[in-house]
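S.K.: Sharing a structure here in structure tokens format.
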Amino acid sequence: MISDTLFLTPRTSKSTPNFADATGNAKFTNYSQAPAGTLTNAQVETLVKGGIATAIADAKSRFINDPAFSQLFSQSTVVGTEGAFQGSANSRTEVVGNFSVRANQKFSFNFSAALELNAKEIENSNREYSEAKSGTFFFLLNTDQMNQPKIIDSFAISGDLISSRRIGDLDFGFSSNIKLNSPKERFDIDGNNGIDFVKGSVTGTYQRTFSRNTNLTLVEINQSAVKLLGDTLIDNLGNDVRYGTIWNDELRGTNSNDKIYG
460 MISDTLFLTP
470 RTSKSTPNFA
480 DATGNAKFTN
490 YSQAPAGTLT
500 NAQVETLVKG
510 GIATAIADAK
520 SRFINDPAFS
530 QLFSQSTVVG
540 TEGAFQGSAN
550 SRTEVVGNFS
560 VRANQKFSFN
570 FSAALELNAK
580 EIENSNREYS
590 EAKSGTFFFL
600 LNTDQMNQPK
610 IIDSFAISGD
620 LISSRRIGDL
630 DFGFSSNIKL
640 NSPKERFDID
650 GNNGIDFVKG
660 SVTGTYQRTF
670 SRNTNLTLVE
680 INQSAVKLLG
690 DTLIDNLGND
700 VRYGTIWNDE
710 LRGTNSNDKI
720 YG
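For my numbering, count along the sequence shown from 1 and bump the result up by 459.
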């Protein structure tokens with residue numbers, strides 16, 4: 460006996476398209492002294508491609524229990540999933556400035572940092588998923604030996620937004636020579652207005668006196684990632700259809716004329 464194959468026609472969907480975005484940035488002002496010249500291209504390449512990663516790895520035990528820095532150690536910021544998947548990830552490392560500080564001289568600067576995550580407010584986690592994350596970090600490195608930099612102070616603002624799971628997190632992390640001025644946090648999670656968001660901003664100051672002549676390099680790292688997953692046909696082919704989800708579930712038919720979509 461040959462069974463018939465039925466082709467289901469989707470109804471017109473009124474669903475808002477799934478979306479998510481993530482941004483973060485930092486600005487630095489009022490240095491106590493002018494930068495000590497510009498690093499050569501070779502020095503920048505050595506520092507950015509190898510030195511910073513090594514310095515962070517060497518200092519991992521200092522950061523590993525601080526949620527604000529956890530994104531630095533994630534092995535993959537975007538993971539592909541079967542289905543209608545879209546994802547993007549961006550990472551930028553920039554040498555902000557290089558400074559030569561004399562013994563017993565105070566080095567200081569002001570900074571501001573901000574982070575913003577936005578996503579569609581997801582009501583049906585069976586058909587849509589989104590995740591947005593962002594982190595802005597800066598590290599002050601001792602670069603007396605350019606090929607072996609050492610982290611001496613650090614700052615981080617990082618956040619994560621998963622609408623379908625009602626998750627919105629924002630974390631600040633900073634070392635003892637950094638003072639934050641009134642960090643600001645704003646959240647809208649499941650507010651029934653169509654959009655979820657996590658927003659944070661802060662201003663601060665850095666100040667430290669060095670007991671010996673020291674070469675310092677200020678480095679900024681920005682990381683962001685967005686992941687979207689969805690299938691608009693779920694729950695849109697009729698009330699007599701048995702639906703799966705966007706996840707890896709299994710649906711089994713019977714001997715009846717089942718209508719299954721998964």
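For every residue, glycine included, the Cβ atom is placed at its ideal position computed from N, Cα and C.
#1: Could you spell out the range, first to last residue, of the alpha helix (DSSP H) harbouring Thr664?
#2: Please state whether DSSP places Ser584 in a helix, a strand or coil.
#3: Starting from Thr704, trace the alpha helix (DSSP H) in both directions and tell me its first and last residue.
#4: If you drop the 5 nearest sequence neighbours on each side, which residues of the same chain put their C-beta closer than 6 Å to that of Thr664?
#5: Which residue comes first and which comes last in the alpha helix (DSSP H) that contains Ala516?
#6: Tell me, please, which residues DSSP counts as bridged to Ser567.
#7: Should the stretch 642-659 be called in touch with the stretch 670-688, which here means at least 3 C-beta pairs below 8 Å?
#8: Three Cβ pairs or more, each shorter than 8 Å: is that satisfied between the stretch 594-601 and the stretch 510-519?
#9: Suppose the cutoff is 6 Å on Cβ atoms and the five residues either side in sequence are ignored; what does the same chain contact list for Thr540 look like?
#10: In angstroms, rounded to a whole number, what distance separates the CA positions of Thr536 and Gly594?
#11: Which same chain residues end up closer than 6 Å to Val661 when comparing Cβ atoms and leaving out the 5 residues on each side of it in sequence?
#12: Would the beta-carbon of Gly627 fall within 8 Å of that of Ile648?
M.R.: Based on what the coordinates show:
#1: Residue 664 sits at position 205 when you count from the first residue of the sequence shown. Here Thr664 belongs to no alpha helix (DSSP H); instead the beta strand (DSSP E) covers Ile654 to Phe669.
#2: Here residue 584 is taken as the residue at index 125 of the sequence shown, counted from 1. Residue state, collapsed to three classes: coil.
#3: Residue numbering aside, residue 704 sits at position 245 when the sequence shown is read from its first letter. For Thr704, no alpha helix (DSSP H) encloses it, and the DSSP letter there is neither H nor E.
#4: If you number the sequence shown from 1, residue 664 lands on position 205. Counting only Cβ-Cβ distances below 6 Å, and skipping sequence neighbours, we find Asn569 and Lys638.
#5: Locating residue 516 in the sequence shown gives position 57, where the first residue counts as 1. Annotation for Ala516: the continuous alpha helix (DSSP H) segment containing it runs Ile511 to Asp517.
#6: Taking the first residue of the sequence shown as position 1, residue 567 is located at position 108. Paired residue(s): Gln666.
#7: Three or more beta-carbon pairs separated by less than 8 Å are not found between the stretch 642-659 and the stretch 670-688, which leaves the two stretches without contact.
#8: Because the criterion of three Cβ pairs below 8 Å is met, the stretch 594-601 and the stretch 510-519 touch.
#9: Sequence index remark: in the sequence shown, residue 540 carries index 81 (1-based). Because Thr540 sits at a pLDDT of 42, beneath the cut-off of 50, its placement in the model cannot be relied upon, and the following sentence gives the value as read from the coordinates. Closer than 6 Å at the Cβ level, and outside the excluded window around Thr540, lie Leu688.
#10: Along the sequence shown, one-based indexing puts residue 536 at 77. Along the sequence shown, one-based indexing puts residue 594 at 135. Its pLDDT being 40, under 50, Thr536 is placed unreliably by the model, and nothing is read from it.
#11: The count along the sequence shown starts at 1 and reaches residue 661 at position 202. The answer, listed in chain order, is Ala572, Leu639 and Pro642.
#12: Within the sequence shown, the letter at position 168 stands for residue 627. Within the sequence shown, the letter at position 189 stands for residue 648. Their beta carbons are under 8 Å apart, which means Gly627 touches Ile648 by this criterion.
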